[in-house]
Every structure is written in C-alpha cells, then in structure tokens.
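Novice:
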Amino acid sequence: MENLSELFALGIDTLRVIFSLYELLTHITSFVMIGNQLSGTIPSEIGSMKNLEYLSLNNNTLTGTIPSEIGSMKNLTFLYLDFNDLVGSIPTEIGLMENLSELF
640 MENLSELFAL GIDTLRVIFS LYELLTHITS FVMIGNQLSG TIPSEIGSMK NLEYLSLNNN
700 TLTGTIPSEI GSMKNLTFLY LDFNDLVGSI PTEIGLMENL SELF
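So this is what it looks like as structure tokens:
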C-alpha cells in the first residue's frame, strides 16, 4: 500500500485501531476523519506520519490533550482538531511547524 496517499472516514470509532495500521499511515499525505464519532485520545504515534500535509480530526469526541509529537510532522500544512473535547494548551512544538498555515 505504498501508493496510498489519502485516508478518509472509515466508520471506525477509535484512533487506536487506525494507528495499529502504522506501516500504512507512514505514507499518506491526507488523513480526514471529520464527524466520524472518533473517541479516546489522540495517540502519540501520530507524530510518525511524517508525510502528512492535511490532518482533519474535527467534529468527533476526542478527549485528552494534543500530543506534542504532532510537532514532528514537518510537512503538515492544515491541522483541524476543533469541535472535540480536547483539554489543555496547544503544545509549543506546533508553533515551530514552519509549513503549518491553518490551525483550528
């Protein structure tokens, strides 16, 4: 599945299941799970998605904090985490992401 570049809603309710597909996720550039009733926390493994340019996890029921590992996603341009139940501060690592142009 090296040629997979985009992953949209799959009807999966937890990010842990999705991130168990680690090898698949390292190649994609777009990860869109808008309003997919995702629950739980955002796994720190999300930082391993080095090729990701577009991440949209908005309109779900995600809880916990935003993992600082997101800051290692240097290609990320768009990050949408709004309309969840996240708490805490935005990690300072996100402020160091030079390509990030939209953060919600």
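When the count follows the working numbering, it moves up by one through the sequence shown with no breaks and lands on 743 for the last residue.
Just so you know, even glycine gets a beta-carbon here, dropped at the ideal spot from N, CA and C.
I need the straight-line Cα distance from Thr-700 to Gly-679, nearest angstrom please.
Specialist: Straight-line Cα distance between these residues: approximately 7 Å.
Novice: Report the rounded CA-to-CA distance for His-666 versus Asn-723, giving the unit in angstroms.
Specialist: Cα-Cα distance, rounded: 26 Å.
Novice: To which residues of the same chain is Thr-702 closer than 8 Å at the C-beta, ignoring the five residues directly before and after it?
Specialist: Here the set comprises Ser-678, Gly-679, Thr-680, Asn-723, Asp-724, Leu-725, Val-726.
Novice: When DSSP builds the beta bridges, which residues end up paired with Glu-741?
Specialist: Answer is Phe-717, bridged to Glu-741.
Novice: In whole angstroms, what separates the C-alpha of Thr-668 from that of Glu-692?
Specialist: About 5 Å.
Novice: What residue range is occupied by the uninterrupted beta strand (DSSP E) comprising Gly-671?
Specialist: The amino acid at residue 671 is misidentified as Gly; the sequence shows Val. Its beta strand (DSSP E) spans residues 669-671.
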